[in-house]
Structures are given as C-alpha cells and as structure tokens.
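Protein sequences, first through last, are from chains A and B. The working numbering applies: residue 219 is where the first sequence begins, and numbers increase by one. The working numbering applies: residue 2 is where the second sequence begins, and numbers increase by one. Each residue gets a CB set at the ideal place from its N, CA and C atoms; glycine is no exception. Being a predicted model, the structure only gives us computed values, none of them experimental. I have placed the structure first, in the form of structure tokens, so that the comments after it can refer back to it.
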Amino acid sequence: MTDRIVITGVAINAPFGRTLEDLGSLLDGGIRRPKPVDRFPVGGAKAGSAHLHWPVQDIEALIDGTTETALAALDAARLATGHRIGLALGSISGMDFDATGPRRADDGVNALGRHCFDRLGLFGPLVHVTSACTSSAAALFWAKSILENDDADVMLAGGADRIRAVDFAGFNILRAMDPEGTRPFHTERRGITMGEGACILVLERMSHALARGADIHAVFSGGGLSSDGHHATAPRHDGLVAASRRALAAAGLTPADIQYVNCHGTGTPANDREELKALQAVFGPHLRAVCVGSTKGFTGHWLGSAGAIEAAVLLSVLHRQRAPGMPWLSGPDSILASHTAGMEEARGFRHVMSNSLGFGGNNASLIFSRFSRHASEQG
Amino acid sequence: MTHCVEAGIRILAATDRHFVCDRPEHLLKHGDHTALSRGLHDAVDQLFAQSGLAAPADGTTVGVVGTSRFGELDTLDCVTRRYQEEGLYGIDPVVFSKANQFYPLFAIARRFRCLGPASALFTSEGGSAEVLYFADRLLRRGDATHVLALDYDENTPTGTTRVAGQVRALLLGPDGGPQNDRPQDRAAGPVITACRLGPHLPVQDGRAAALAVFLDRQTAWCGNQHLLASTDDADTAQRLGSGFAVERLDAARDPLPQLVDRLRGWTEWTAGETRIHVLPPGRGNVLTVCCRWDEPHREGRA
Numbered sequence: 219m220t221d222r223i224v225i226t227g228v229a230i231n232a233p234f235g236r237t238l239e240d241l242g243s244l245l246d247g248g249i250r251r252p253k254p255v256d257r258f259p260v261g262g263a264k265a266g267s268a269h270l271h272w273p274v275q276d277i278e279a280l281i282d283g284t285t286e287t288a289l290a291a292l293d294a295a296r297l298a299t300g301h302r303i304g305l306a307l308g309s310i311s312g313m314d315f316d317a318t319g320p321r322r323a324d325d326g327v328n329a330l331g332r333h334c335f336d337r338l339g340l341f342g343p344l345v346h347v348t349s350a351c352t353s354s355a356a357a358l359f360w361a362k363s364i365l366e367n368d369d370a371d372v373m374l375a376g377g378a379d380r381i382r383a384v385d386f387a388g389f390n391i392l393r394a395m396d397p398e399g400t401r402p403f404h405t406e407r408r409g410i411t412m413g414e415g416a417c418i419l420v421l422e423r424m425s426h427a428l429a430r431g432a433d434i435h436a437v438f439s440g441g442g443l444s445s446d447g448h449h450a451t452a453p454r455h456d457g458l459v460a461a462s463r464r465a466l467a468a469a470g471l472t473p474a475d476i477q478y479v480n481c482h483g484t485g486t487p488a489n490d491r492e493e494l495k496a497l498q499a500v501f502g503p504h505l506r507a508v509c510v511g512s513t514k515g516f517t518g519h520w521l522g523s524a525g526a527i528e529a530a531v532l533l534s535v536l537h538r539q540r541a542p543g544m545p546w547l548s549g550p551d552s553i554l555a556s557h558t559a560g561m562e563e564a565r566g567f568r569h570v571m572s573n574s575l576g577f578g579g580n581n582a583s584l585i586f587s588r589f590s591r592h593a594s595e596q597g
Numbered sequence: 002m003t004h005c006v007e008a009g010i011r012i013l014a015a016t017d018r019h020f021v022c023d024r025p026e027h028l029l030k031h032g033d034h035t036a037l038s039r040g041l042h043d044a045v046d047q048l049f050a051q052s053g054l055a056a057p058a059d060g061t062t063v064g065v066v067g068t069s070r071f072g073e074l075d076t077l078d079c080v081t082r083r084y085q086e087e088g089l090y091g092i093d094p095v096v097f098s099k100a101n102q103f104y105p106l107f108a109i110a111r112r113f114r115c116l117g118p119a120s121a122l123f124t125s126e127g128g129s130a131e132v133l134y135f136a137d138r139l140l141r142r143g144d145a146t147h148v149l150a151l152d153y154d155e156n157t158p159t160g161t162t163r164v165a166g167q168v169r170a171l172l173l174g175p176d177g178g179p180q181n182d183r184p185q186d187r188a189a190g191p192v193i194t195a196c197r198l199g200p201h202l203p204v205q206d207g208r209a210a211a212l213a214v215f216l217d218r219q220t221a222w223c224g225n226q227h228l229l230a231s232t233d234d235a236d237t238a239q240r241l242g243s244g245f246a247v248e249r250l251d252a253a254r255d256p257l258p259q260l261v262d263r264l265r266g267w268t269e270w271t272a273g274e275t276r277i278h279v280l281p282p283g284r285g286n287v288l289t290v291c292c293r294w295d296e297p298h299r300e301g302r303a
C-alpha cells in the first residue's frame, strides 16, 4: 500500500486565535463583524472594513508572523527543525514590494518564503506558490507531492498573507467587496470581506509519523488542480469540476464518500453561483446528502492563504465531527437550501473537501480523511 | 499513465525567445502588461509547432507550470503608482486584475486550451529548474498527459530594479505514447527517468556541506554523474564537484534551458543513464535529473 500523507500539526496566526480550538470557537460563535480599516487611508472605498490582524502592512510583520506560526506548527507536531524538513508557502503578498517598489532588489516574488526559510533554519526543499487565491491550497498539493517522492521527511505547508492598501483599493474598484460584510451563498450577497493571517500545517508520510509516535490529525487523501482558461477574474464551474474530480480520483473516493465541502464561497455573485453549479456537476444526486458551507463569513477572505485556513477548517470538522454553520443565512436567503444537507443533522464525517478558486481561472480541491489507527495498521 | 513511471518522461521540444534587451528603447512602458504574455505566446506557439502537436486533443490533461522571478511586478508597480498618485479611483480595474503572478499562465491556458493542473511557482533562482520537477510529478502521478514548463521574466522598470526579460518554454510528455512516432522525439530528446528535488541552499557558506549530504544519499542511482554548477563561485563549484564531472552554467541565465541544451550536447559521451545535479546560483532548490537516451537516438548522433 502506498505510504499516505498525514497531517500531524497545525498552527494558526489570526485575529481569533492560534489553535484549532480557537478556530472551533470562532466557528461556533456566530457572525464576527469586520472592523474599519485604520492601517492605511481608504477614502472613497464603499467597503471600508476588514478582518485585520498584522500590526502593520509591512512585509516584515508578515515574515515575523509566518515564522512564528511555522515554529508553533513544528512545536504542535513535536518536531524540531532539521535537514529533511521543507517549506511550501502560498501567498500573493509575500513579495518585498510595497508602495516604494522592491526594497531588496534580489528578493523577487518570494521574499516571504525565503526569509522564513532562513529564520527557521530548515534544510529541505523550499516552494513558494503565487497562484492568486489558490496559492496555499496549491502549496499543500505540491508539499504532498514532494513527500510522496521522498524528497523530504516533513513539509511545513500553508499560507500567509497581508492586506495591502493596493489590494484593498483594487477589490473595491472591482466592486467585489460587500460593505455589509461577506455573506456567502446569500441571495443578496455582494462580495468579499478581506481577512489576513497565517496558517501552517505539518505534513509527513504516515510511516514516518507512526515511527516517531506522532499524533495524526487527518490523512491528506487527495488533491487536484486545474485551469479553466475562461476569464481573468470571472470563474467558470467546469474548471472546479475538473479539480474536484482529480482530487477524488487521487483519493480513490467517489462523490458519495464526501460528507462535507468547504467551498471557496467568497460571497461574490459569480463565485457562489459557479461553485453551486460545480457541486451539482460533481456530486449529482449525492449533493443532497452533503453538508456544504463557506467559512469566509467568519474569517474573511485570506486571499492566497485562504486554502490553508480552510484546510484547518477541515481538520476541525473531522476532529469535532461538526460542520460549521452559516449564521448569516436563513432558509429562504440561501441559494444552497434546496440542494444540500443541513449542517445540524450531519454526523459521521470521514472524508471532507475544500475548494479554492483564484483569479486567472485556477482551481484547487483538497480532500482530508479521518485517521484511523486501526485501519493504518491493517493497511 | 502508469507506463510513464517505468518509461520516463520525454522532453518533446524546447524553444526560447528573448523579446527585450538592455537598451532603453526596449524597456516596457509602465502598464504595458501585454508584452510578457505576448512573448510567452510566441514561445508556446513555436513549442507546439516544433513538437508536432498542433493542439492538445484533450486540453484538460495538459498542465502548465511556470516560474518567474519578477513576473508581473511591473503591472503591480503600475497599479500601485496610480493608487498613490490618484487614489482609489485612479486604479484601472482591468489592469488590477492582471497584477497577478498567475496571469501569464492564464493567458497561455486560455489561448492554447491547456486546462489541466496549473501553478505559478516562485522560488528564487531554483524556480526555473523546479518547474521541471513539478512537471515531472504531474506526469508521473497521472494528473496530466503533457505539461508546459514555462520560465518567464519581464523587463521590470520599477523604482529600483531593471530586469532583463526572457521567456523559455518546454513541453514535456510521456514516453511510450503515440507522440513517440514523431520525428521530433527521435531528434531532440533524452528521457527523464527520475527527477528529484534537493535541499534549498539558503546560505552560501553552507552550500558545500549541504550538497554533499544530499548527494551522499543518492549515490546508488547510476554511474554517470555530472554537476552543473550555476553558482558564480568557481571554488565552491569545484569543491562540490569532487568526484563528478563539473561544468559551469551561465549564472546570469536561467538554468532550465541550459540544462536542456546540455542534455542534448552530452548524448555523445553518455552510456546508459546519466544523473545530472543542477546547483542554483545564490539561493534555490538543488535539482537532480536522471536521464537516458534511446539507442537509435545515440546511434544517430554518432
């Protein structure tokens, strides 16, 4: 049997806390309102609030916070830094390029990955993905691939981003932000609310994890990437369909095996409409038995690092055996209501999926499964 | 796709194209965000023409993996300047949507209908070799039947840097498929039988020790080993190359197309499989590629 990839640690650096327990409390706690942005001028912005976390928008704050998160993830997994530990980070704001241009000319796009790697004292491969809002989901995908090829023993994988003034302004200009706070899958949804933070998972081969007696949170069963080649900003469902089917095939699962899907669910009219179409295409009649939701109403949209925090949501669902609700929806307001299972009745989560979509029509789908020590011994 | 694991991955075709130089008149204008994409289009056009693959029969199995060091930073620079000078409403939403490092790959995916797995990777100097590794992984995992491995950089006249632009592209495909019959295969390519990603080398002083550890772990692979040291430190290259045939790459150029050129150039003096280690200049992941050449191909060269 192929050595599967498992998750043995996670750390979060976010306004709501640092651990999976903090994330669980957030998801139980109802709607969290974004706060007015005071870090840079937002004059003229129709939507002036966000879930800010870093003290300043400077890259140094992001590097410090991400390094701290990675160290906490290693600590959670009871690992020290070492030669065969690598780093795969997804970020769209990880370049040392602010309003005055690049401050360190040799840094290029991957300043975040490079400086975190140095500070962590790691010595495995380094991968820095910048593929818009799928960046950290893709980083997890590539980290899994590196482990499967035995090019590292452990990979720290996830994402980190910061809200930059230019992105905040740009999404306002695109009219992609909801002044009332994001409401994924609401019939009157108007867009995103930006958020920021860092989330790092520890991945390793199951044999490696078992040999060192690690606590295994979940199995990283499968992942899929795709490109829809449709539009620079508008999503189209068939790309996500391809990514999801690829992830299912890689996991050796069928749509009927999935109990929960954490959608990209940005709350923009186009995204949520196309995602629902994709779910209908992938799951067909099984969709009525699947819990479907988006957690961006709680966390905000973490942009390139969204896939990482939503991977942590999958871990939370598997651990707590409870899917987060969407308190901003009531039945008649939801475009999902007649298509999917209610969250309250759902139990027995074994295989869960997270989807990410990004500008440029790129898509990522990840599947995590509940770990059973008994099954692993049999396998 | 399982045959791919045994048979390796053939490099079908390669091309490169320079579309700017260091003369001021060739610098891109601010906001001229189409130039990079145009260069990539030309490169991929040539690539498909050379490989004999007019168009992918099923675009959903054609992946695109690309890397750049400063890709699309000029577009971001343009948006940032407009925001600073004119405020929120100075931003052009169309340009903002292109200030995204994935945009060049999107442009390629859309035009050439390459709708398989796609990812934009940015890992310092290691990036352009790293795309080979990830293309290899996609093919071996069965996630794609062909992968475009792209390496692009643009002329970036930002506040403090000016970077020469260049575009490179490779098309990788599985060995053993129908494209094996294409003349291009017999003329052009070695077969990649394995591709490994080594440690990232972040500190110049630690490079020799780091690479030695990595190479020690792999000594059982095959007999012919060559080190391509794209470091600009000749002493380090020589020290690392103890026991290896060492050649220096041009550190100022991207290693990926140079690697392909060397693979072709070495066909005369290889017997069976060859392992090649590529050491990035500055910082980046070590790439190890294990290649073999088909007998008819070697005879043809001789």
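- VAL274/A is classed as exposed because its beta carbon has fewer than 16 other beta carbons within 10 Å across all chains shown.
- A straight line joining the alpha-carbon of HIS455/A with that of ALA559/A spans about 21 Å.
- With respect to ASP490/A, ILE553/A sits close: the two C-beta atoms are nearer than 8 Å.
- Setting aside the 5 residues that flank it on each side, LEU365/A is surrounded in the same chain by ILE223, MET373, LEU421, GLU422, ARG423, each with a C-beta closer than 7 Å to its C-beta; the list follows chain order.
- As the crow flies, the alpha-carbon of SER311/A is around 8 Å from that of GLY522/A.
- Taking 4 residues as the shortest admissible run, the segment 514 to 586 of chain A contains the following complete alpha helix (DSSP H) segments, listed from N- to C-terminal end: 514 to 517, 524 to 538.
- The beta carbon of GLN539/A is closer than 8 Å to those of ARG565, GLY566, PHE567 in its chain, skipping five residues each way along the sequence.
- When DSSP states are grouped into helix, strand and coil, HIS269/A belongs to the strand group.
- Here the alpha carbon of ALA488/A sits roughly 28 Å from the alpha carbon of ASP75/B.
- DSSP lists SER552/A as the beta-bridge partner residues of HIS404/A.
- The contact set of THR284/A on chain B, defined by CB atoms closer than 7 Å, is empty, because the minimum CB distance reaches about 15 Å.
- Under a criterion of Cβ atoms nearer than 7 Å, the residues of chain A adjacent to GLN102/B are, in order, VAL327, THR348.
- Listed as beta-bridge partners of LYS264/A by DSSP are no residues whatsoever.
- Secondary-structure assignment with DSSP links GLU422/A through a beta bridge to VAL224/A, VAL372/A.
- SER311/A has a beta carbon lying at 8 Å or more from every beta carbon in chain B.
- In the structure shown, the three-state DSSP call for GLU248/B is strand.
- If you ignore the 5 residues before and after SER439/A, its C-beta comes within less than 6 Å of the C-beta of ALA469, ILE585, SER587, all in its own chain and listed in chain order.
- In this structure, the CA atom of PRO259/A is about 8 Å from the CA atom of ALA383/A.
- In this structure ASN573/A is not in contact with GLY415/A, their Cβ atoms being roughly 20 Å apart against a cut-off of 8 Å.
- Taking 8 Å as the CB threshold, PRO94/B lines the interface with chain A.
- In the three-state reduction of the DSSP assignment, ALA507/A falls in the helix class, which pools H, G and I.
- When the alpha-carbon of TYR153/B is set against those of VAL287/B, THR194/B, VAL66/B, the nearest one is in VAL66/B.
- Apart from the 5 residues on each side of it in sequence, ALA427/A sits with its Cβ closer than 8 Å to the Cβ of VAL224, THR226, ILE434 in its chain, given in chain order.
- The count of Cβ pairs closer than 8 Å, one atom from the segment 384 to 398 of chain A and one from the segment 335 to 344 of chain A, stays below three, leaving the stretches out of contact.
- Leaving aside the five residues that flank ASP144/B on each side, the residues in its chain whose CB is nearer than 6 Å to its CB run, in chain order, PRO118.
- Spatial neighbours of VAL45/B in its own chain (CB-CB distance under 7 Å, excluding positions within 5 residues in sequence) are listed in chain order as ILE109, PHE113, LEU149, ALA170.
- Residue environment analysis places PRO254/A among the exposed positions, since fewer than 16 neighbouring C-beta atoms fall within 10 angstroms of its C-beta.
- In terms of beta-carbon proximity, ASP369/A lines the interface with chain B, with at least one pair separated by less than 8 Å.
- If you look at PHE341/A, you'll find it isn't in any alpha helix (DSSP H); DSSP assigns it neither H nor E.
- VAL345/A has a beta carbon lying within less than 8 Å of a beta carbon in chain B.
- If you check the CB distance, THR517/A and HIS269/A come in under 8 Å.
- The CB of PHE341/A comes closer than 8 Å to the CB of PRO200, HIS201, ALA211 in chain B, given here in chain order.
- Near chain B, meaning a CB-to-CB distance below 9 Å, the residues of the segment 452 to 481 of chain A are ASP456, GLY457, ALA460, ALA461, ARG464, ALA467, ALA468.
- Pairing PHE135/B with THR348/A gives a Cβ-Cβ distance that is not under 8 Å.
- Boundaries of the beta strand (DSSP E) harbouring ARG276/B: 275 to 280, taken from the DSSP string.
- Straight through space, the alpha carbons of ALA298/A and THR284/A are spaced by roughly 17 Å.
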